[in-house]
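Count the sequence shown with the numbering used here and you get residues 2 to 459, in order. What follows is a single structure, written as structure tokens, with notes after it.
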Amino acid sequence: MNQKTWGGRFTDGTDARVEAFTESISFDRRLYRHDIIASQAHARMLAEVGLLTATEAEQIVSSLEEIGAEIEAGKMEFSISLEDIHTHLERRLIEKLGDVGRKLHTARSRNDQVVTALKLWTRDAIDELDALLAELQKAFVESAEREAGVIIPGYTHLQRAQPVLAAHYFLAYVEKLQRDRDRLRDCRARVNVLPLGAAALAGTSLPINRESVRAKLSSDSVARNSLDVSSDRDFALEFVFCLALIATHLSGWAEEWVIWSTTEFNFLDLPDAFCTGSSIMPHKKNPDVLELTRGKSGRVIGALQQLFVLVKGLPLAYNRDLQEDKPAIFDAFDTVAGCLSVAAPLVRQTKLRREVIASRLEAGFLDATTLMESLIARGVPMRSAHEAVGNLVRECEKRKCRLAELPDSMFEAVAPGQSVAIKSSLGVSNALTAFKSYGSTAPAEVERQLREWKERLS
Ligand code: ARG
């Protein structure tokens, strides 16, 4: 007997090479749970509109439940001759229920079925990611609390720029991760539109009730245009874009901490459990987790590229090319979920080397910009103040000293009568406390934001 769901039209069987080439069961089997849920909702709706009896629907629902358990127990036999998870589930249902099983696919096509299962899977994936992102945010907030009061150098161009509170630094990552969560929530709104009921491409002449299926699957709305449905992978691209941006955020952070853990910087004490050693150099403690986090971002960005190229030339409606969406989506998700789940404990267990940071904090003129601002506050035009401080820094470079160590006369020349006040506000600690603006590293500002984040994430 021809095992294919579409066997009726065919006389000859499929070439074995074609079966191997066209199968998707090797990767789409992970959709089994979501496909079952969608099929159960579909069967119940079919009974409501009289296309199945209530008993038939219940038989289908409970048999699908059993099939799900069989899969979870490793009892399901997968075969490339049945192409994909959708066909496997239907075939097994027919084995169990005979003609009743043969009714499930009424008013449905694999075209709307596959995208429905993928959307339901993506919805869950988004919720999982949201929890992982929140966990990493909490880890950064805990670091901000633990290192409260510690001042670190802030960098631009990786050159010393201005002092910042360590708490301010950690909260910067909390902000990025919040945007990642917001973006995923926004993407979820488009994921949660129900394709099922679009059938092959044009809808169906049978009296289905799509609204009923929508309610059963907790979707927000029903996709309006049946022709759009099966070619629409916008949601998948958006989702993978969100993943690529998370991976990019993580990569930047990982790079920073790789640098910070060098002997040259020595800002961080990375936990042993998150580092690895060298097979030849006995002294080494390598930040492999951070390096791999940085490296894996390439895979996720690549997946986004892959999806764009996949869909860019596709006409409406379903085209078999679309089967290739899943490996990219799954790999991007697995990669980012993996990165996030090691990032949170790594952050929690990493400590700043406070003494090392403090011992070199006065190097690099972190107070120069605040000095300039104090001149501006005393009426010196900005450009003149900039030039004057630039000259003072040049003088310091010559004398190999800090700004605070220059003679009073040099400040007197810049701000007559105010040199004492100005000089006493120099130094990194003074510079730090001088900050005032909203969102700045001003201690009161950082403390307020830390409090707000703690409350928001609790
Ligand atoms: N295995 C296919 C996929 O993953 C299922 C849809 C096939 N539809 C079709 N008309 N051949 O996309």
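Glycine is no exception: its CB is placed at the ideal position from the N, C-alpha and C atoms. A quick note: this is a predicted structure, and the numbers were derived from the prediction, not measured.
Best match in the options for proximity to residue i [C-alpha to C-alpha]
| i | options | result |
| --- | --- | --- |
| R361 | G428, V337 and R349 | G428 |
| D322 | T23, E212 and W7 | T23 |
| D335 | L315, A248 and R355 | A248 |
| S298 | I260, A338 and S220 | A338 |
| E91 | C402, Q4 and L251 | Q4 |
| I95 | E67, G204 and W261 | E67 |
| E257 | A445, A224, I86 and E292 | E292 |
| G99 | A216, D125, I61 and P408 | I61 |
| D332 | E176, A126 and V343 | A126 |
| S441 | G155, D128 and R10 | G155 |
| F268 | A44, I152 and A140 | I152 |
| T123 | V241, T6 and E406 | V241 |
| G303 | K286, C340, A245 and D289 | A245 |
| D131 | D183, E148 and L83 | D183 |
| L185 | L52, E146 and F236 | F236 |
Between the CA atoms of residue j and residue i - distance to the nearest angstrom
| i | j | result |
| --- | --- | --- |
| Q138 | N431 | 30 Å |
| A255 | T294 | 6 Å |
| A55 | L105 | 13 Å |
| C188 | P208 | 31 Å |
| R234 | G391 | 55 Å |
| G300 | A329 | Per the sequence shown, residue 300 should be read as Arg rather than Gly. For R300 and A329, the distance between alpha carbons rounds to 9 Å. |
| L367 | G418 | 24 Å |
| Y319 | S231 | 5 Å |
| S144 | V165 | 15 Å |
| S27 | S280 | 36 Å |
| T263 | V357 | 12 Å |
| A445 | M373 | 22 Å |
| R191 | I260 | 39 Å |
| V142 | S342 | 16 Å |
| G8 | R180 | 49 Å |
| L308 | K120 | 16 Å |
| S63 | K97 | 11 Å |
| S438 | L451 | 16 Å |
| V447 | H169 | 6 Å |
| A42 | E453 | 42 Å |
| T88 | L317 | 23 Å |
| D128 | L218 | 15 Å |
| S459 | G204 | 46 Å |
| R161 | G365 | 6 Å |
| R384 | V415 | 13 Å |
Cβ-based burial, residue i [other Cβ within 10 Å; buried from 16]
| i | result |
| --- | --- |
| M2 | Its pLDDT being 47, under 50, M2 is placed unreliably in this model, and the value from its coordinates should be taken loosely. Looking at its Cβ environment, which holds fewer than 16 other Cβ atoms inside 10 Å, M2 is exposed. |
| Y33 | buried |
| V310 | exposed |
| A118 | buried |
| V381 | buried |
| G198 | buried |
| H35 | buried |
| V19 | exposed |
| C402 | exposed |
| E363 | buried |
| K313 | exposed |
| V399 | Checking the displayed sequence, the identity of residue 399 turns out to be Lys instead of Val. Its Cβ having fewer than 16 others within 10 Å, K399 is exposed. |
Beta carbon proximity, residue i to chain B, threshold 7 Å
| i | result |
| --- | --- |
| E59 | The chain labelled as chain B is not found in the depicted structure, where only one protein chain is given. |
Closer than 6 Å: residue i CB and nearest the ligand GDP heavy atom
| i | result |
| --- | --- |
| V312 | This structure simply doesn't include the ligand GDP; it includes the ligand ARG instead. |
Residue i CB to nearest heavy atom of the ligand ARG below 6 Å
| i | result |
| --- | --- |
| V230 | no |
| L347 | no |
| S227 | no |
| L323 | yes |
| V50 | no |
| V19 | no |
| S25 | yes |
| D85 | yes |
| V115 | yes |
| R355 | no |
| R109 | no |
- Report the residue ranges of all alpha helix (DSSP H) runs contained in full by the segment 211-276; include only those spanning at least 4 residues, in chain order. 211-217, 227-230 and 235-261
- At 3 residues or longer, and completely inside the segment 111-148: list those beta strand (DSSP E) runs for me, N to C. The segment 111-148 contains no whole beta strand (DSSP E) run of 3 or more residues.
- Item | Completely contained alpha helix (DSSP H) runs for the segment 378-451, where each covers 4 or more residues | 383-400, 409-415, 420-425 and 429-434
- Task: Could you name each continuous alpha helix (DSSP H) segment of 4 residues or more that falls completely within the segment 295-380, going from the start of the chain to the end?
- Result: 326-350, 355-360 and 369-378
- Item | Runs of beta strand (DSSP E) wholly within the segment 147-216 (minimum 3 residues, chain order) | Counting only runs of 3 or more, we get 152-157 and 160-166.
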